[in-house]
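Input: a single structure, listed below in structure tokens.
Chains as they are written, first to last, in the working numbering: chain A, 23 to 135; chain B, 5 to 116.
Below, the structure written as structure tokens:
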């Protein structure tokens with residue numbers, strides 16, 4: 023079974039600084055998607071960014087970017103110019119056509135003013 | 005507007021009672037999921053369905069039941085067999101294959 027591991031239960035960053043959240047996963051499949059979701063205090067799950075495994079280029083969405091290392095099965099999220107509104111729980115997730123959607127345990131991000 | 009709707013937002017249940025949480029989507033998604041989230045914790049999969057009239061148990065299915073009679077609907081029943089049902093429940097849906105999931109706003113269930 024596929025597993026997703028987030029080794030940082032909590033992280034903090036100063037406003038306007040950069041922070042990187044880590045995620046590793048385990049799979050024997052070659053075709054899959056990886057996602058980062060954000061869950062603010064409202065508890066609504068919001069898709070932040072996604073990466074197709076067959077694409078070598080790292081995905082970028084405004085201040086959010088990923089470092090996808092397929093051989094190492096690593097998928098970290100970098101948040102640049104952190105804002106107070108970025109404070110939330112962040113979940114890494116894996117999905118393939120042959121398996122169910124699997125989430126990591128989450129990283130609680132605090133942004134300090 | 006297309007989306008996924010959970011109702012109610014807050015639900016209170018007396019011990020020993022069954023209760024059903026509603027999840028409806030108009031995104032024409034084949035797959036639907038139910039997750040449980042406890043305070044400060046991650047998402048744990050209860051049940052998922054990839055096609056109408058078929059569903060599979062997730063990691064914590066005991067004390068829960070589901071049905072998938074229509075593509076748009078995937079209700080979750082929390083039975084009296086669930087020993088600690090107080091939690092936040094999230095429903096999600098996705099297209100077939102490895103695509104992102106869209107989430108409802110969640111239902112907060114409290115046993116009183």
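Don't be surprised by glycine CBs; every beta carbon is placed ideally from N, CA and C.
- The CB of residue 109 of chain B comes closer than 7 Å to the CB of 66 in chain A, given here in chain order.
- DSSP links residue 74 of chain A through a beta bridge to A/55.
- Under the three-state reduction of DSSP, residue 58 of chain B is assigned to strand.
- When the beta-carbon positions are compared, residue 43 of chain A and residue 132 of chain A stay at least 7 Å from each other.
- By the C-beta density criterion, residue 38 of chain A is exposed, having fewer than 16 other C-beta atoms within 10 angstroms.
- In the three-state reduction of the DSSP assignment, residue 108 of chain A falls in the helix class, which pools H, G and I.
- Membership of residue 91 of chain A in the beta strand (DSSP E) is indicated by the continuous run 86-91.
- Note on geometry: alpha-carbon atoms of residue 115 of chain A and residue 101 of chain A lie some 17 Å from one another.
- When B/115, B/113, B/109 are compared, the shortest CA-CA separation from residue 10 of chain B is found for B/109.
- With fewer than three CB-CB distances shorter than 8 Å, the segment 64-82 of chain B does not count as touching the segment 95-112 of chain A.
- The DSSP-derived three-state label of residue 115 of chain A is strand.
- In the DSSP assignment, residue 103 of chain A falls outside any beta strand (DSSP E), carrying neither H nor E.
- For residue 123 of chain A, the enclosing beta strand (DSSP E) begins and ends at 121-125.
- Residue contact with chain B for residue 85 of chain A: absent (no Cβ-Cβ distance below 7 Å to any residue of chain B).
- Here residue 37 of chain B really is in contact with residue 95 of chain B; their C-beta atoms are around 7 Å apart, less than 8 Å.
- The Cβ neighbour count for residue 72 of chain B, taken over all protein chains shown within 10 Å, is at least 16; the residue is labelled buried.
- Apart from sequence neighbours up to five positions away, the residues of its chain that approach residue 80 of chain B with a beta-carbon distance below 8 Å are 24, 25, 27, 38, 50, 51, 68, 69, 70, 93, 95, ordered along the chain.
- Residue contact with chain A for residue 20 of chain B: absent (no Cβ-Cβ distance below 7 Å to any residue of chain A).
- Distance from the Cα of residue 73 of chain A is smallest, within the candidate group A/127, A/27, A/24, A/92, for A/92.
- Here residue 113 of chain A is not near residue 47 of chain A, since their CB atoms are 7 Å or more apart.
- Annotated three-state conformation of residue 81 of chain A is coil, per DSSP.
- Shown here for residue 63 of chain B: same chain residues with a beta carbon closer than 7 Å to its own, the five before and five after excluded, namely 48, 49 in chain order.
- For the segment 101-122 of chain A, residues whose beta-carbon sits nearer than 9 Å to a beta-carbon of chain B comprise 111, 113, 115, 116, 117, 118, 119, 120, 121, 122.
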